[in-house]
Amino acid sequence: MDSRDAATDGEIVRAVLAGDVERYAVLVERHRDRFARYAVRMLGSHDAAEDAVQDALVRAFDHLADCREPEKFAGWLFLILRNRCFAEHRRNEREARMPEEAAGSVAAPDRSDGPAERRERAGALQRAVLELTPEQREVLVLKHVEELPYEEIAQITGATVASLKMRMHRAYDRLRELMKEHV
Amino acid sequence: MKNAYHDLVKRLLDGELTLADLPPELRAEGEAALQLLGALDRTPVTLSPVLSSRVMGMVRERSRSRARRALRWLVTPREVRFRLRPWLVGPALAAAAVLVLLVARPQPPVPAPAGNIVFVRFMLHAPGAKSVAVAGTFNQWDQNAAPLIPAGTDGVWTTTLALPVGQHQYAFVVDGRRWVADPAAPGVDDGFGRRNSVVAVTRQGARTL
Amino acid sequence: MRLFWLTAAIAVAAHLPTRSALAAQDVAARLEGRAPATVVRAVQTIAQDAAARGLPVEPLIQKTLEGSAKGVPPERVVAAVRLLAARLDEARTALQGAGIATPGPEALEGGAYALSAGLSADQVRDLGRVSRPLYDPALTLHIAATLTALGVPAPRGVQLLRHMIQAGRTPNDLLDLPGEVQASMARGASAAEAVEALDIGDGGLGHQGHQGEEGREREHPHRP
Chain A
26 MDSRDAATDG
36 EIVRAVLAGD
46 VERYAVLVER
56 HRDRFARYAV
66 RMLGSHDAAE
76 DAVQDALVRA
86 FDHLADCREP
96 EKFAGWLFLI
106 LRNRCFAEHR
116 RNEREARMPE
126 EAAGSVAAPD
136 RSDGPAERRE
146 RAGALQRAVL
156 ELTPEQREVL
166 VLKHVEELPY
176 EEIAQITGAT
186 VASLKMRMHR
196 AYDRLRELMK
206 EHV
Chain B
9 MKNAYHDLVK
19 RLLDGELTLA
29 DLPPELRAEG
39 EAALQLLGAL
49 DRTPVTLSPV
59 LSSRVMGMVR
69 ERSRSRARRA
79 LRWLVTPREV
89 RFRLRPWLVG
99 PALAAAAVLV
109 LLVARPQPPV
119 PAPAGNIVFV
129 RFMLHAPGAK
139 SVAVAGTFNQ
149 WDQNAAPLIP
159 AGTDGVWTTT
169 LALPVGQHQY
179 AFVVDGRRWV
189 ADPAAPGVDD
199 GFGRRNSVVA
209 VTRQGARTL
Chain C
841 MRLFWLTAAI
851 AVAAHLPTRS
861 ALAAQDVAAR
871 LEGRAPATVV
881 RAVQTIAQDA
891 AARGLPVEPL
901 IQKTLEGSAK
911 GVPPERVVAA
921 VRLLAARLDE
931 ARTALQGAGI
941 ATPGPEALEG
951 GAYALSAGLS
961 ADQVRDLGRV
971 SRPLYDPALT
981 LHIAATLTAL
991 GVPAPRGVQL
1001 LRHMIQAGRT
1011 PNDLLDLPGE
1021 VQASMARGAS
1031 AAEAVEALDI
1041 GDGGLGHQGH
1051 QGEEGREREH
1061 PHRP
């Protein structure tokens, strides 16, 4: 497989639909890490994110005929992944499972600001992020990790800018609440 | 909420304002808020290299199985323990007494093949029947999707299906016309004046409800 | 990296049909050839409305397939689907009252199933509240529905499940309850007597813990 295949996404989708299944590998290589950071921050662990991305890529193949604009395969894949992340959250809620996260120290916070303390704070913040609702977490990740403007987030999520800001502001307050021992 | 940031601080976090735009009494709160958000992990992520081959493996498997869309007989589960349910013969079923055994998976639970799938065996004692099928929410109520086959002993029909974890409604179809719920399980009204049975599938086994 | 997201945003916006539109497409695709055209049209409307209200469409499709497979007259199929949509809505209200902000489709189906078995909305809500977070309400609602179908009065069935949950019984133990009630009844007990024999009471919690909400619940006479 030549991952430097010069064909566009749309051409490859059409080729796969016509029967050249092996070409799907090009799409996999091109897009597998594109939304990886989003998935990891949404689900809280590398393993969960890998499962989600894997499922999304397979599901995208299963439903490739439903991709109405093959040139926009990436966006369509993202939709599938996003649904999967939200479904994962519902499943985790049902099973009362907290996603694994790199173990941070639960000792009383030190007021100094060395690297260990910074790591601990980052870990605590990630745990706090996982306590947000999935909608709040998503806008936080898209705005502050992926650094997208509200207008783009609105296009991606289908929400209005106003409601996104409301969600984001609630998330800020909630994070402050959850992180208060670390401030 | 007790820990609410001031509105101006929120707009600072949104990137609409700078610290210099805040009134002096809010700057400390603004700095603390920026520091909190600054701790967000933004490192780019690369997923495991084997992800690609796993995906392609599944993709190839799926395109192969689409190619041979014949009815598949599933692998039978090993060493099954029979759980005999109480035998209730209602007046409507006097003509053909039916007995359904639902087989539980052995303990400790055997790992399911695809994580969320459990093999469940359905059996019906229907002597004199010419065909028996099971139809339910797991096969879109298609009576051609899951025929039972005679198991050898008199009048017992059987099939094994791979069902996902969860609750599924079903009924048996005898001779293509007669819809028979599991008489040993209460089930509920199907909304059409008949009864459906429910099988609750968990990773440790299945029960009719 | 920004460019990827911009492309994704544009693509996603193009792919965002409303839930209603998706529902209508889904219904048409799934029912084609399996149900008469009049039924398909009617169910499409019901499904569009349900989807617009955020309710799952899959159970409606399943019920249509079921009715058609069973040879039920078209008007009856449509009536049953309409009733199911109403029950899903009622189940959602009840589960939201139990503190579940967005009940999943399985929980909603369980709730609708329980309502059709004769549980009241309040009982669905109570069971939802007592089930989370460790027990799947879809499962407990199905079990409660079955107990009711066996003849156990609905509040008694809910109470039995509550006691079992509080005692930390496994989901499989809960799944065994209908069978055990049935076995007792096959030996001649009434449904109520069967439940009495199985119930473990509130486990001696007395007036602490979960008893708070049910202060008016009478003491179980056979509590160990």
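So the sequences go chain by chain: A, B and C. Following the numbering used here, the numbering of the first sequence begins with 26 at its first residue and continues without gaps. Following the numbering used here, the numbering of the second sequence begins with 9 at its first residue and continues without gaps. Following the numbering used here, the numbering of the third sequence begins with 841 at its first residue and continues without gaps. Built from N, CA and C at the ideal position, the CB exists for glycine as well.
Integer Cβ distance of residue i from residue j, believed to fall under 8 Å
i	j	result
L132 of chain B	L156 of chain B	6 Å
Q151 of chain B	V181 of chain B	4 Å
L905 of chain C	P194 of chain B	That pair is no contact at about 23 Å.
L217 of chain B	P1018 of chain C	6 Å
A952 of chain C	L924 of chain C	6 Å
V880 of chain C	A868 of chain C	6 Å
E96 of chain A	L846 of chain C	About 14 Å; that fails the 8 Å criterion.
V53 of chain A	S60 of chain B	5 Å
V51 of chain A	L48 of chain B	Between L48 of chain B and V51 of chain A the Cβ distance is about 33 Å, and since that is not below 8 Å, they are no contact.
Same chain, Cβ closer than 7 Å to residue i, neighbours up to 5 away in sequence not counted
i	result
R969 of chain C	A938, G939
D183 of chain B	A137, K138, S139
P945 of chain C	P896, E898
I1005 of chain C	V970, S971, Y975
A153 of chain A	L200, L203, M204
G174 of chain B	V209
R874 of chain C	L905, S908
P119 of chain B	Residue placement at P119 of chain B cannot be trusted, given a pLDDT of 38 that sits under 50; the coordinates are not used to answer.
A864 of chain C	Q884, A887, Q888
V998 of chain C	Q963, D966, L967, A984
E113 of chain A	L68, A73, A77
Beta-carbon proximity list for residue i, same chain, < 8 Å, skipping 5 on both sides
i	result
Q936 of chain C	P943
W149 of chain B	A143
G46 of chain B	none
A1029 of chain C	A1037
Y13 of chain B	L21, E37, A41
H194 of chain A	none
For residue i, the residue or residues it bridges with in DSSP
i	result
Y178 of chain B	B:G144, B:S205
V197 of chain B	In the sequence as presented, Val is not what sits at residue 197 of chain B; that position holds Asp. Its beta-bridge partners are B:R203.
W187 of chain B	B:V181
I125 of chain B	B:P172
A214 of chain B	B:V209
P158 of chain B	B:W165
Boundaries of the beta strand (DSSP E) in which residue i is found, first to last residue
i	result
G24 of chain A	As displayed, chain A neither begins before 26 nor continues past 208, which places residue 24 of chain A out of reach and without an answer.
L165 of chain A	Segment 159-165 is the alpha helix (DSSP H) holding L165 of chain A; no beta strand (DSSP E) there.
Where the alpha helix (DSSP H) through residue i begins and ends
i	result
P6 of chain B	Because chain B spans 9 through 217 in this model, residue 6 of chain B falls outside it and cannot be assessed.
M193 of chain A	186-203
P140 of chain A	140-156
R19 of chain B	15-22
P32 of chain B	32-46
G911 of chain C	Where G911 of chain C is concerned, there is no enclosing alpha helix (DSSP H), given that its DSSP letter is neither H nor E.
N1012 of chain C	1011-1026
G183 of chain A	Where G183 of chain A is concerned, there is no enclosing alpha helix (DSSP H), given that its DSSP letter is neither H nor E.
A1029 of chain C	Segment: none, A1029 of chain C is in no alpha helix (DSSP H) and carries neither H nor E.
R55 of chain A	49-56
A877 of chain C	877-892
E946 of chain C	945-957
R93 of chain A	Looking at the DSSP string, R93 of chain A is not in any alpha helix (DSSP H), and its letter there is neither H nor E.
P995 of chain C	994-1006
Amino acids of chain A, ordered along the chain, whose beta-carbon sits closer than 7 Å to that of residue i
i	result
A848 of chain C	A99, G100, F103, I181
S56 of chain B	E75
Own chain partners of residue i with C-beta closer than 6 Å, once the 5 adjacent residues on each side are dropped
i	result
W101 of chain A	C92
R215 of chain B	A208
T84 of chain B	No answer about T84 of chain B holds up, because its pLDDT of 27 lies below 50 and its placement is not dependable.
A100 of chain B	At A100 of chain B, the pLDDT of 31 sits below 50, so the modelled position is not reliable; the number obtained from the coordinates is stated separately. Within the same chain, A100 of chain B has no close Cβ partners at all.
Y175 of chain A	V186, L189
L928 of chain C	L895, L948, A952
R996 of chain C	V1035
V921 of chain C	V883, I886, L900, K903, T904
Neighbour list for residue i in chain C, Cβ cutoff strictly below 8 Å
i	result
R115 of chain A	T942, G944
Within chain C, the residues that residue i reaches when beta carbons sit closer than 7 Å
i	result
F200 of chain B	G907, K910, V912, R916, A920
G184 of chain B	Those do not exist, as G184 of chain B stays about 11 Å from chain C at its closest Cβ, beyond 7 Å.
Chain-ordered chain B contacts of residue i [CB-CB under 8 Å]
i	result
S956 of chain C	V196, D197, G199
D1016 of chain C	R215
Chain B contact residues for residue i, given Cβ-Cβ distances below 9 Å
i	result
A147 of chain A	A47, L48, D49
F86 of chain A	V63, M66, V67, R70, S71
Any non-hydrogen atom of the ligand NAD closer than 7 Å to residue i Cβ
i	result
K190 of chain A	This structure lacks the ligand NAD, and indeed carries no ligand of any kind.
Interface partners of residue i on chain B, CB under 7 Å
i	result
A989 of chain C	P194, G195, V196
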